[in-house]
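Engineer: First the structure, then my questions, so here it is.
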Amino acid sequence: MAKIMGFCNLHGNKSLGPLTENRPLGSTSFLGRYALMDFTLSNFSNSGIDKVGILIETQPRSIMKHLGSTNVFNNNTKLGFEQVLYNEKHFTNNLKANDWLILDHRPDVIVIAPSDLLYTMDFRPAIKQHLDNKEKLTLVYTRTKKGKKQFLNSDVLTLKDGRVINLVQNQGTKDEIDISVDTFIFSKDYLMTLLELGPQVSATFGIKELIRYVLVQDGLSFGTFKLNGYLRAFDSLEAYFENSMEFLDFDFRNKVFLEDWPIYTVSNNTPPARYGSNAVIKNSMIANGAKINGTVINSIISRNVVIEEGARIENAIIFTDSKVGKDVVVQGVIIDKYVKIEKTKILAGKESVLYIKQGEKL
Amino acid sequence: MEKELIAMLLAGGKGTRLETLTKKIAKPAVNFGGKYRIIDFPLSNCANSSIDTVGVLTQYESILLNTYIGNGEKWGLNGIHSLTATLPPRQTEEGNVWYKGTADAIYQNIDFLDNLKPTYVLILSGDHIYRMNYRTMLDAHKQSNADLTVAVIDVDKKEASRFGIMSIDKDNLVTQFEEKPTQPKSTLASMGIYIFNYKELRQALMTDAKDETSEHDFGKNIIPTLLKQKKRLLAFPFKGYWRDVGTIESLWEANMDLLDNEDAKRLLLNDDLKLFTEDTRSLPQYLGEKAKVKNALVNQGAVIFGAVDHSVIFHDVTIEEGASVIDSVIMPGVTVKTGTTLKRVIVSPNIKVETSINGGTNIVLVSK
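Which chain is which? The protein sequence lines are X and B, in order. Under this note's numbering, the residues of the first sequence are numbered 250 to 611, in order. Under this note's numbering, the residues of the second sequence are numbered 232 to 599, in order.
Below you can see the structure in the form of structure tokens.
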């Protein structure tokens with residue numbers, strides 16, 4: 250059986266504006282309970298990959314806090330591991346400086362997966378195809394019909410006979426395009442070759458630039474594997490808001506969260522949510538530890554949030570440990586952690602979503 | 232390895248009066264408070280009292296309980312200096328013997344204790360709902376130079392005959408102890424929480440084991456004998472919420488207390504005595520377009536399209552549109568089908584309910 254190792258790649262994530270000012274996208278809160286990287290780490294875990302490296306570009310603090318020394322993803326055992334790799338600004342430098350992990354464990358296949366795209370995927374069929382076809386590299390892609398509006402920061406695969414011959418940034422000119430899922434299945438030796446090559450060509454190359462370089466420069470082609478199903482890009486604050494809100498559609502939520510594909514996350518041992526006698530809640534997701542005695546409509550409420558009597562929350566996302574006081578109206582807003590809104594009585598996003606930063610007292 | 236204080240948790244009881252709830256699981260594993268199992272309370276208390284070594288004595292239907300306890304990781308009791316061991320009865324040179332009573336259960340594990348060389352042993356029951364820092368009890372025990380300290384709570388006079396009742400002097404030293412007296416002389420009840428000097432405990436257990444007339448019970452045998460021997464027994468008064476949830480009615484009441492009783496609400500505070508439990512990997516709870524939820528505790532994974540009033544809803548419960556749940560406790564994995572009204576009931580885990588039930592003046596346990 251082939252030995253597999255996974256890398257969760259946090260390099261090159263897009264900024265979500267103020268939301269990711271002090272945290273990487275990977276550890277940004279999602280749906281009141283998760284961090285975005287939980288999906289990638291759960292994909293590894295559920296695919297039976299228990300040797301995982303996490304390649305961090307900046308702000309390791311928030312990642313360390315989320316992962317700690319816990320074993321929620323079933324990686325920190327005597328057999329497996331979850332290794333935080335933080336060294337250099339750029340992907341190739343980071344992986345090269347931390348190549349001891351690969352040299353130590355001698356995997357046959359290395360799966361590199363992103364943290365700024367959200368998807369659920371069993372890597373095993375793709376790995377099998379990769380091995381069967383004796384590929385150096387297999388790229389995972391998906392076909393979208395919304396290429397003009399979404400995935401504007403993603404790469405488009407140029408396919409020829411089912412093989413990829415180029416990667417080009419989406420220009421937003423066509424709706425139906427084949428988008429890179431930024432999930433790369435490498436044979437170990439070929440990845441090591443690329444890591445040698447990378448710094449010689451450009452110190453700032455990320456994995457995508459490196460692949461594009463060899464495709465164009467050396468005229469190579471690589472295998473592809475098509476992902477069918479849920480995929481979303483987190484490349485702007487608006488995308489974050491939309492990608493969150495669509496989970497309030499119950500049927501949609503059930504299509505993404507599948508019973509045999511659990512999404513693991515860190516537990517905080519918070520008590521059940523408590524609803525008071527004046528609580529009115531419609532079409533919302535509420536995390537444990539929340540105390541709600543006001544009105545909440547079409548919203549996502551995180552851990553330990555307090556909504557007081559007479560407050561009205563609509564189309565909002567409220568992060569952990571924030572409080573909305575008596576009679577305050579909140580509409581179309583993302584409220585970060587530890588915010589208290591008591592004096593300001595109306596807080597509304599107009600054309601675009603309003604963001605309230607961590608720790609604000611309003 | 233030497234430990235100052237280790238805990239022995241008695242979790243072998245069936246809980247006969249909990250009807251079918253304990254048909255396949257021991258009472259300490261019964262669900263409580265939307266998220267927890269009863270045994271989470273003493274185990275979290277141990278963790279919060281910096282007790283890192285806990286022996287859990289299991290006997291009745293112990294598969295789920297033993298699996299749940301595991302290596303103690305759920306309560307942070309799996310550190311490098313920690314030990315969480317489940318201790319079911321075992322085969323020995325003398326043969327196969329079940330635990331015959333609370334004292335016998337500890338006696339049969341005397342090797343476990345001897346290996347750990349504790350100075351003090353804390354004996355706990357896995358049946359009670361309360362939060363307590365056992366370290367303050369140990370401090371009182373040491374300060375008073377006691378041989379045994381018993382945690383006590385003031386109970387209702389009409390309830391007193393259900394408990395071990397004691398009389399104390401001005402220094403809180405126990406002068407009299409009666410197990411389940413028909414005519415209680417006080418309302419000071421033993422909570423079944425004991426701190427022994429291990430030497431005294433060992434001696435008492437060895438003597439008791441040889442006594443063929445003994446029922447090998449702490450309340451009935453060990454404590455009265457120590458009193459007779461003029462040992463120093465200290466009562467440690469406890470203030471706060473404490474319940475023995477031995478019946479369907481009291482289990483329901485204690486759940487309702489989490490909604491109504493200020494002392495009980497403190498059980499769920501996020502402070503130094505915070506409760507630890509398993510994480511169910513459920514999604515955040517979802518309340519639909521027509522949901523009506525008030526005066527309720529609702530755990531993660533619950534999906535509510537119907538009405539919930541004054542109730543405790545566990546993880547992964549579904550309440551369909553047009554269903555109503557009032558004054559009830561809905562245990563994990565239950566589906567309440569559309570058009571069903573439930574009032575004053577406890578619904579057992581993992582069943583579908585399609586028939587409306589009103590418990591009326593009683594509380595009804597709904598099970599398969």
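Where is the CB? At the ideal position from N, CA and C, for every residue including glycine.
Please classify Leu352(X): is it buried, with 16 or more other beta-carbons within 10 angstroms of its beta-carbon, or exposed?
Structural biologist: Working through the first sequence from its first residue, we reach residue 352(X) at position 103. That one is exposed.
Engineer: Provide the residue span of the beta strand (DSSP E) that contains His541(B), from first to last.
Structural biologist: Counting from one through the second sequence, the residue named residue 541(B) turns up at place 310. 538-544 is the span of the beta strand (DSSP E), which, as asked, contains His541(B).
Engineer: Listed from N- to C-terminal order along the chain, which residues in the segment 521-538 of chain X have their beta-carbon within a distance smaller than 9 Å of any beta-carbon of chain B?
Structural biologist: From the segment 521-538 of chain X, only Pro521, Ala522, Arg523, Tyr524, Gly525, Ser526, Asn527, Ala528, Val529, Ile530, Lys531, Asn532, Ser533, Met534, Ile535, Ala536, Asn537, Gly538 have a Cβ closer than 9 Å to chain B.
Engineer: Which stretch, first to last residue, makes up the alpha helix (DSSP H) that contains Ser311(X)?
Structural biologist: Taking the first residue of the first sequence as position 1, residue 311(X) is located at position 62. From DSSP, the alpha helix (DSSP H) with Ser311(X) extends over 309-316.
Engineer: Could you check the C-alpha separation between Gly485(X) and Leu268(X) for me, to the nearest Å?
Structural biologist: Start at 1 with the first residue of the first sequence, and residue 485(X) comes out as number 236. Start at 1 with the first residue of the first sequence, and residue 268(X) comes out as number 19. Note on identity: in this sequence residue 485(X) is Ser, with Gly being the wrong assignment. Ser485(X) and Leu268(X): Cα-Cα distance of roughly 10 Å.
Engineer: Between Glu520(B) and chain X, is the shortest Cβ-Cβ distance under 8 Å, so that the two count as touching?
Structural biologist: Walking along the second sequence from the start, residue 520(B) turns up at place 289. At a cut-off of 8 Å between C-beta atoms, Glu520(B) counts as an interface residue with respect to chain X.
Engineer: If you reduce the DSSP assignment to three classes, tell me which class Val476(B) lands in.
Structural biologist: Residue 476(B) sits at position 245 when you count from the first residue of the second sequence. Here Val476(B) sits in coil by DSSP.
Engineer: Considering only residues of the same chain and omitting the five flanking positions on each side of Lys451(B), which have a CB-CB separation below 7 Å?
Structural biologist: Against the second sequence, residue 451(B) aligns to sequence position 220. Closer than 7 Å at Cβ, skipping near neighbours: Glu410.
Engineer: Can you name the residues that DSSP bridges to Arg523(X)?
Structural biologist: Here the question's residue 523(X) lines up with position 274 in the first sequence. In DSSP, Arg523(X) forms a bridge with Lys540(X), Leu528(B).
Engineer: Within 10 angstroms of its Cβ, does Met562(B) collect 16 or more other Cβ (buried), or is it exposed?
Structural biologist: As a first step, residue 562(B) is located in the second sequence; it is residue number 331 there, counting from the start. By the neighbour-count rule (16 or more Cβ atoms within 10 Å), Met562(B) is buried.
Engineer: Check whether chain X comes within 8 Å of Ala527(B), counting only Cβ atoms and requiring the distance to be less than that.
Structural biologist: Taking the first residue of the second sequence as 1, we reach residue 527(B) at position 296. Ala527(B) counts as touching chain X.
Engineer: Using a Cβ cut-off of 8 Å, which residues of the segment 275-301 of chain X contact any Cβ in chain B, in chain order?
Structural biologist: Leu280, Gly281, Arg282
Engineer: According to DSSP, which residues form a beta bridge with Met534(X)?
Structural biologist: Position 285 of the first sequence holds residue 534(X). DSSP output for Met534(X) lists Ile549(X), Tyr517(B) as bridge partner(s).
Engineer: Using a Cβ-Cβ cut-off of 8 Å, state whether Asp510(B) counts as contacting chain X.
Structural biologist: Sequence index remark: in the second sequence, residue 510(B) carries index 279 (1-based). Yes, Asp510(B) counts as interfacial toward chain X.
Engineer: If you draw a straight line from the C-alpha of Asp600(B) to the C-alpha of Lys254(B), how long is it?
Structural biologist: A question about residue 600(B) goes unanswered here, because the residues of chain B that appear run from 232 up to 599.
Engineer: Taking the beta carbon of Ile544(B) as the centre, do at least 16 other beta carbons fall within 10 Å, making it buried, or is it exposed?
Structural biologist: What you label residue 544(B) is simply residue 313 of the second sequence in a count that begins at 1. Buried, because 16 or more other Cβ atoms sit within 10 Å of the Cβ of Ile544(B).
Engineer: So within the segment 344-388 of chain X, which uninterrupted alpha helix (DSSP H) runs reach at least 4 residues, ignoring any that extend past its ends?
Structural biologist: Assignment of alpha helix (DSSP H) within the segment 344-388 of chain X, counting only whole runs of 4 or more residues, yields 349-354, 372-381 in chain order.
Engineer: If we call anything under 8 Å between Cβ atoms a contact, is Val515(X) one with Ser436(X)?
Structural biologist: Taking the first sequence and counting its residues from 1, the one referred to as residue 515(X) is at position 266. Taking the first sequence and counting its residues from 1, the one referred to as residue 436(X) is at position 187. No, these two residues do not count as a Cβ contact at 8 Å.
Engineer: So with Cβ pairs under 8 Å, would you call Tyr513(X) a contact of chain B?
Structural biologist: Within the first sequence, the letter at position 264 stands for residue 513(X). Tyr513(X) counts as touching chain B.
Engineer: For Glu552(B), I'd like the list of residues in its chain whose CB is within less than 8 Å of its CB, leaving aside the five on either flank, ordered along the chain.
Structural biologist: As a first step, residue 552(B) must be located in the second sequence, where it is residue number 321. Around Glu552(B): Gly519, Lys521, Phe536, Gly537, Thr569.
Engineer: Keeping to the same chain, check which residues put their C-beta closer than 7 Å to that of Leu252(B); ignore five residues upstream and five downstream.
Structural biologist: Taking the second sequence and counting its residues from 1, the one referred to as residue 252(B) is at position 21. If we look at Leu252(B) and ignore the five residues flanking it on each side, its Cβ neighbours are Val261, Ser579, Leu596.
Engineer: For Ala346(X), count neighbouring Cβ atoms within 10 angstroms of its own Cβ and tell me buried if that reaches 16, exposed if not.
Structural biologist: Here residue 346(X) is taken as the residue at index 97 of the first sequence, counted from 1. The residue in question, Ala346(X), is exposed, as its Cβ has fewer than 16 Cβ neighbours within 10 Å.
Engineer: Exposed or buried, Phe501(X), counting other C-beta atoms within 10 Å across all chains shown (16 or more means buried)?
Structural biologist: Mapped onto the first sequence, residue 501(X) falls at position 252. Burial call: exposed.
Engineer: Taking 8 Å as the cut-off, decide whether the C-beta atoms of Tyr390(X) and Ile414(X) are in contact.
Structural biologist: Against the first sequence, residue 390(X) aligns to sequence position 141. Against the first sequence, residue 414(X) aligns to sequence position 165. It is not a contact, given that the beta carbons lie outside the stated cut-off.
Engineer: I'd like to know whether the C-beta atoms of Ile253(X) and Ile298(X) end up nearer to each other than 8 Å.
Structural biologist: Position 4 of the first sequence, counting from 1, holds the residue named residue 253(X). Position 49 of the first sequence, counting from 1, holds the residue named residue 298(X). A contact, by the Cβ cut-off of 8 Å.
Engineer: With 8 Å set as the bound, which would you pick, yes or no: does the beta-carbon of Asn382(X) sit closer than that to a beta-carbon of chain B?
Structural biologist: Position 133 of the first sequence, counted from the first residue, corresponds to residue 382(X). False, the Cβ-Cβ gap to chain B never drops below 8 Å.
Engineer: Mapping the DSSP letters down to three states, classify Phe256(X) as helix, strand or coil.
Structural biologist: The residue given as residue 256(X) occupies position 7 in the first sequence. Residue state, collapsed to three classes: strand.
Engineer: Verify whether the separation of the beta carbon atoms of Phe490(X) and Ile376(X) is less than 8 Å.
Structural biologist: What you label residue 490(X) is simply residue 241 of the first sequence in a count that begins at 1. What you label residue 376(X) is simply residue 127 of the first sequence in a count that begins at 1. Not a contact, by the Cβ cut-off of 8 Å.
Engineer: Are the CB atoms of Tyr361(B) and Gly471(B) within a distance shorter than 8 Å?
Structural biologist: Counted from its first residue, the second sequence places residue 471(B) at position 240. Counted from its first residue, the second sequence places residue 361(B) at position 130. Closer than 8 Å, so yes.
Engineer: I'd like to know if Thr519(X) contacts chain B, where contact means its C-beta is closer than 8 Å to some C-beta of that chain.
Structural biologist: Stepping through the first sequence from its first residue, residue 519(X) is reached at position 270. Yes, Thr519(X) counts as interfacial toward chain B.
Engineer: Where in the segment 384-459 of chain B do unbroken runs of the beta strand (DSSP E), each at least 3 residues long, occur, reported from the N-terminal end onward?
Structural biologist: 395-399, 405-410, 419-428
Engineer: Alpha carbon to alpha carbon, how far is Asp371(X) from Phe433(X)?
Structural biologist: The residue labelled residue 371(X) in the question sits at position 122 within the first sequence. The residue labelled residue 433(X) in the question sits at position 184 within the first sequence. Each residue's CA atom was taken as its position, placing Asp371(X) and Phe433(X) some 13 Å apart.
Engineer: Please list, in chain order, the residues of the segment 471-501 of chain X that have any C-beta partner in chain B closer than 7 Å.
Structural biologist: Phe499
Engineer: Determine, using beta-carbon pairs with one atom in the segment 285-292 of chain B and one in the segment 307-326 of chain B, whether at least three such pairs fall under 8 Å.
Structural biologist: yes
Engineer: Kindly list, in the order they appear in chain X, the residues whose Cβ is closer than 7 Å to that of Pro580(B).
Structural biologist: Indexing the second sequence from 1 puts residue 580(B) at position 349. Neighbours of Pro580(B) on chain X: none; closest Cβ ~16 Å, over 7 Å.
Engineer: Can you tell me whether Pro353(B) is buried or exposed, with buried defined as 16 or more other CB within 10 angstroms of its CB?
Structural biologist: Residue 353(B) sits at position 122 when you count from the first residue of the second sequence. Reading off the sequence shown, one finds Leu at residue 353(B), where the question assumed Pro. Answer is buried; the Cβ neighbour count reaches 16.
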